[in-house]
Amino acid sequence: MKNLAIILFILIPASVFAQSGNKEGSFNTLNLDQLMIRIDAGMTINLKGSDTDQITYTYEFEGNDQAYNHLFMNFEPDFRLNGGNAYLNIEFPEHKKKNVNYRIKKNILTLNIPSKIDLEMVTRYSKIDVTNIERTAKIENRSGSVKLNQIGESVTVYNEYGNVDVNSVAGDVEITSRSATVDAKNIKGNLKVSSNYSKMNLSKITGTLFVENKSGTVNAFDLDSDFRANGDYTDYELTNIRGNVQINNKNGTINLDGAESVFISGDYSNIKASNLRGEQVQIESKSAKLELNNVLGRLMINGGYLNIELEDIAKDVSITNRSGKVSASNLKGSCRISGDYNKIKLDDFEGSEIQIENRSGDIEINALNHLNLVNIESSYTTIKLNLASAFSGNVRFFVTYGKLTHPYKLNNATLVDERNSTKIEGTVGNGTGQMEIESRNGNVIITQK
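Numbering (my numbering), first residue to last: 56 to 504.
1. Give the DSSP-derived three-state secondary structure of Asp120 in the structure shown.
2. DSSP three-state call for Phe147: helix, strand or coil?
3. Identify whether Phe127 lies in helix, strand or coil by the three-state DSSP scheme.
4. Tell me the residue span of the beta strand (DSSP E) that contains Met490.
5. Got a sec? Which residues, its chain only, sit under 7 Å from Leu66 by beta carbon, not counting five neighbours each side?
6. Measuring alpha carbon to alpha carbon, tell me which of Lys243, Leu166 and Lys269 ends up nearest Ser223.
7. Relative to the ligand FAD, is the shortest distance from any of its heavy atoms to the C-beta of Tyr157 smaller than 7 Å?
8. Using three-state DSSP, classify Tyr288 as helix, strand or coil.
9. Within the same chain, show all residues whose beta-carbon is closer than 6 Å to that of Gly457, passing over the 5 residues directly before and after it, in chain order.
10. Return the CA-CA distance between Asn466 and Ala284, expressed in angstroms with no decimal places.
11. Since Asn172 and Asp88 are thought to touch, with beta carbons under 8 Å apart, how far apart are those beta carbons, to the nearest angstrom?
12. Note down, in chain order, each residue of its chain lying with its Cβ closer than 6 Å to the Cβ of Leu354, except the 5 sequence neighbours on either side.
13. What three-state label does DSSP hand Asp173 in the structure shown?
14. Do Tyr252 and Arg233 have their C-beta atoms closer together than 8 Å?
15. Is Gly217 near Ile188, with beta carbons less than 8 Å apart?
16. Excluding the five sequence neighbours on either side, which residues of its own chain have a C-beta within less than 6 Å of the C-beta of Ser320, listed in chain order?
17. Relative to the alpha-carbon of Asp220, which residue among Ser198, Ser209, Leu257 and Asp227 has its alpha-carbon at the smallest distance?
18. Please report the distance separating the alpha-carbon of Val143 from that of Asp312.
19. Per DSSP, which residues does Lys153 bridge with? Please list them.
20. With Phe82 as the anchor, note down where its beta strand (DSSP E) starts and where it stops.
21. Below 8 Å, can you find three or more Cβ-Cβ pairs linking the stretch 176–185 to the stretch 91–106?
22. Could you confirm whether any beta carbon from chain D is found closer than 8 Å to the beta carbon of Asn299?
23. Specify the secondary structure class of Arg377 as computed by DSSP and reduced to three states.
24. Between which residues of its own chain and Gly333 is the CB-CB distance below 8 Å, once the five residues before and five after are set aside?
25. If you measure between the beta carbons of Leu423 and Gln503, is that distance less than 8 Å?
26. Give the single residue among Thr107, Ile159 and Ile363 whose Cα lies nearest to the Cα of Asn348.
27. When DSSP labels each residue in this structure, what does Ser232 get in the three-state scheme?
28. From Asp417 to Gly359, what distance separates their C-alpha atoms?
29. Can you have a look at His150 and say buried or exposed, based on whether 16 or more other CB atoms are within 10 angstroms of its CB?
30. Locate the beta strand (DSSP E) running through Leu345, then write down its first and last residues.
31. Count the other CB atoms within 10 Å of the CB of Leu365; is the residue buried (16 or more) or exposed (fewer)?
32. Could you check whether the stretch 158–168 touches the stretch 189–196, counting it as contact only if at least three pairs of C-beta atoms, one from each stretch, sit closer than 8 Å?
33. Please report the Cβ distance between Lys247 and Lys259, rounded to the nearest whole angstrom; I am assuming they are in contact, meaning their Cβ atoms lie under 8 Å.
34. For Glu79, which residues in the same chain have their Cβ closer than 6 Å to its Cβ, ignoring the five residues on either side in sequence?
35. Could you check what DSSP says for Asp108 in three-state terms: helix, strand or coil?
36. Let me confirm a value: Gly76 is counted as buried when at least 16 other C-beta atoms fall within 10 Å, else exposed. Which label applies?
Written out as structure tokens, the structure is:
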């Protein structure tokens with residue numbers, strides 16, 4: 056009796072996958088132009104195109120009795136050829152019982168087909184691997200995975216709740232998925248990816264890349280053309296974009312290193328961007344931190360409650376920000392800032408024009424070059440203007456409830472010094488510059504080397 060118990064212990068695990076088998080077959084496909092494959096059950100499908108006039112298949116199965124009897128025994132491919140169009144259908148009967156207990160260890164279909172065709176496949180719950188199709192490929196799946204490699208023309212993939220991996224495609228690619236990981240690289244045409252709640256890795260795209268991802272992550276690099284994206288709560292990591300970038304986002308982080316012109320609308324998206332080579336960078340935001348450096352074109356920022364850090368901006372800067380902080384260094388073009396409650400500091404300013412309108416918040420400017428235009432208006436704050444190069448032109452100072460300190464001996468000066476205000480107008484040197492500073496409830500300090 057003891058020996059019998061030992062034998063049963065050994066046999067029970069093996070009996071779980073008691074049935075296995077292989078089926079093989081082929082179909083003649085001379086002059087085949089289009090192939091439609093429909094499979095109504097989930098399995099691993101490995102499909103490869105080659106220089107052949109036949110479709111050959113191998114079906115490998117291993118599972119328990121219930122699965123074997125339902126799947127393997129009913130595996131009977133239906134192939135129909137009508138001129139250049141072919142239809143391959145693999146269909147299984149409906150379950151007679153509501154409760155079935157399938158245990159499957161191996162369920163693999165391997166197909167070798169002609170490569171010079173247009174391929175379409177419809178299935179579900181399958182793991183699909185397609186290689187070497189010289190024309191188009193269209194795959195529809197659900198709750199499985201899709202992998203395509205070496206496709207000669209366009210690719211279309213629909214795979215909801217399943218991962219997608221597309222590599223080496225000579226035409227356009229369109230991917231639709233959801234809650235997935237999407238990998239695409241080496242695409243010679245345009246790429247469109249619509250996959251909410253997903254993680255995307257996209258690289259080496261020759262055409263335009265368009266992304267829709269409601270919430271998730273997008274990692275894109277080595278793009279030869281434009282990048283466009285829509286998403287609500289998405290994080291972006293973008294590197295080496297040799298085209299323009301356009302992003303609409305509500306909340307997330309956007310890191311961008313290397314692009315042409317940029318437009319970003321991100322309500323609560325923190326943005327860090329560098330090495331922007333295009334003519335214009337435009338950012339619209341409500342509340343966020345913005346860090347930008349090495350920008351070769353014009354910069355325009357429109358926001359509500361922003362903390363802004365800028366470095367090495369080659370052309371004009373225009374900022375509208377209701378409340379926050381603006382810290383900048385090495386601005387080479389004109390600078391215009393408009394807001395209510397901003398702390399502003401410009402270091403190593405190399406431009407020639409400064410215009411600031413601010414209700415409250417300290418303002419400090421350290422200018423390296425000759426200034427042609429200075430127009431500053433603020434309240435409840437200290438204004439400091441430190442000049443490394445002498446100013447020459449017309450000046451006008453109007454300070455109420457504050458102290459004015461300046462180094463100039465004015466020509467044709469007009470001075471109005473009342474109890475709580477000081478107003479001075481005049482000229483310095485023979486230049487054509489314009490300097491106008493107006494302050495209420497704050498001091499104005501101007502120094503010049």
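Cβ coordinates follow ideal geometry from the N, Cα and C atoms, glycine included.
Concretely, from the data shown:
1. Taking the sequence shown and counting its residues from 1, the one referred to as residue 120 is at position 65. Three-state result, Asp120: helix.
2. On the sequence shown, position 92 is the one that residue 147 refers to. It is coil, neither helix nor strand.
3. Counted from its first residue, the sequence shown places residue 127 at position 72. Phe127 sits in a helix when the DSSP states are folded into three classes.
4. Stepping through the sequence shown from its first residue, residue 490 is reached at position 435. Per DSSP, Met490 belongs to the beta strand (DSSP E) from Gly488 to Arg495.
5. In the sequence shown, counting from the first residue as 1, residue 66 sits at position 11. Model confidence at Leu66 stands at a pLDDT of 36, short of 50, so the residue's coordinates are unreliable and nothing is read from them.
6. Taking the sequence shown and counting its residues from 1, one reaches residue 223 at position 168. Scanning Lys243, Leu166 and Lys269 for the CA closest to the CA of Ser223 turns up Lys243.
7. The ligand FAD is not among the ligands present in this structure, which contains no ligands whatsoever.
8. Here residue 288 refers to the residue found at position 233 of the sequence shown. In this structure, Tyr288 counts as strand in the three-state DSSP scheme.
9. Locating residue 457 in the sequence shown gives position 402, counting from the first residue. Excluding sequence neighbours, Gly457 sits near Ser494, Gly497 and Asn498.
10. Here the question's residue 466 lines up with position 411 in the sequence shown. Here the question's residue 284 lines up with position 229 in the sequence shown. If you take the alpha carbons of Asn466 and Ala284, they lie about 57 Å apart.
11. Counting from one through the sequence shown, the residue named residue 172 turns up at place 117. Counting from one through the sequence shown, the residue named residue 88 turns up at place 33. Here residue 172 turns out to be Ile, not Asn, going by the sequence shown. Yes, they are in contact, since the Cβ atoms of Ile172 and Asp88 sit about 6 Å apart, within 8 Å.
12. The sequence position of residue 354 within the sequence shown is 299, counting from 1. Excluding residues within five positions, the ones whose Cβ falls inside 6 Å are Val336, Ile368 and Val372.
13. Within the sequence shown, the letter at position 118 stands for residue 173. In the structure shown, Asp173 adopts extended strand secondary structure according to DSSP, grouped into three states.
14. Along the sequence shown, one-based indexing puts residue 252 at 197. Along the sequence shown, one-based indexing puts residue 233 at 178. For Tyr252 and Arg233, yes; Cβs fall inside 8 Å.
15. Counting from one through the sequence shown, the residue named residue 217 turns up at place 162. Counting from one through the sequence shown, the residue named residue 188 turns up at place 133. In this structure, Ile188 does not lie closer than 8 Å to Gly217 by Cβ.
16. Residue 320 sits at position 265 when you count from the first residue of the sequence shown. Taken in chain order, the residues that qualify are Asn303 and Glu339.
17. Mapped onto the sequence shown, residue 220 falls at position 165. The residue with the shortest Cα to Cα distance from Asp220 is Leu257.
18. Numbered from its first residue, the sequence shown carries residue 143 at position 88. Numbered from its first residue, the sequence shown carries residue 312 at position 257. Residue 143 is actually Leu in this sequence, not Val. The alpha-carbon atoms of Leu143 and Asp312 are separated by roughly 48 Å.
19. Translated into the one-based positions of the sequence shown, residue 153 becomes position 98. Looking at the DSSP output, Lys153 sits in no beta bridge, so it has no partner there.
20. Here residue 82 refers to the residue found at position 27 of the sequence shown. Element bounds for Phe82: Gln74 to Asn83.
21. Under the 8 Å Cβ criterion, the stretch 176–185 counts as touching the stretch 91–106, having at least three qualifying pairs.
22. Going by chain labels, chain D is absent from the structure shown, which holds only one protein chain.
23. The sequence position of residue 377 within the sequence shown is 322, counting from 1. In this structure, Arg377 counts as strand in the three-state DSSP scheme.
24. As a first step, residue 333 is located in the sequence shown; it is residue number 278 there, counting from the start. Here the set comprises Asn299, Ala314, Glu315, Ser316, Val317, Leu351 and Gly352.
25. Working through the sequence shown from its first residue, we reach residue 423 at position 368. Working through the sequence shown from its first residue, we reach residue 503 at position 448. In this structure, Gln503 does not lie closer than 8 Å to Leu423 by Cβ.
26. For this step, residue 348 is matched to residue 293 along the sequence shown. Of the candidates Thr107, Ile159 and Ile363, the one whose C-alpha sits nearest the C-alpha of Asn348 is Ile363.
27. Taking the sequence shown and counting its residues from 1, the one referred to as residue 232 is at position 177. In the three-state reduction of the DSSP assignment, Ser232 falls in the strand class.
28. Stepping through the sequence shown from its first residue, residue 417 is reached at position 362. Stepping through the sequence shown from its first residue, residue 359 is reached at position 304. For Asp417 and Gly359, the distance between alpha carbons rounds to 18 Å.
29. Start at 1 with the first residue of the sequence shown, and residue 150 comes out as number 95. His150 is exposed by the Cβ-count criterion.
30. The sequence position of residue 345 within the sequence shown is 290, counting from 1. Where Leu345 is concerned, the enclosing beta strand (DSSP E) stretches over Ser342 to Val350.
31. By one-based count along the sequence shown, residue 365 stands at place 310. The C-beta of Leu365 has 16 or more other C-beta atoms within 10 Å across all chains shown, which makes the residue buried.
32. Inter-segment contact for the stretch 158–168 and the stretch 189–196 is absent: fewer than three beta-carbon pairs are separated by less than 8 Å.
33. For this step, residue 247 is matched to residue 192 along the sequence shown. For this step, residue 259 is matched to residue 204 along the sequence shown. Between Lys259 and Lys247 the Cβ distance is about 16 Å, and since that is not below 8 Å, they are no contact.
34. Taking the sequence shown and counting its residues from 1, one reaches residue 79 at position 24. For Glu79, the CB contacts under 6 Å within the same chain, skipping 5 residues up- and downstream, are Thr113 in chain order.
35. Numbered from 1 along the sequence shown, position 53 holds the residue referred to as residue 108. Correct three-state label for Asp108: coil.
36. The residue you call residue 76 lines up with position 21 of the sequence shown. It is exposed - the Cβ of Gly76 has fewer than 16 other Cβ atoms within 10 Å.
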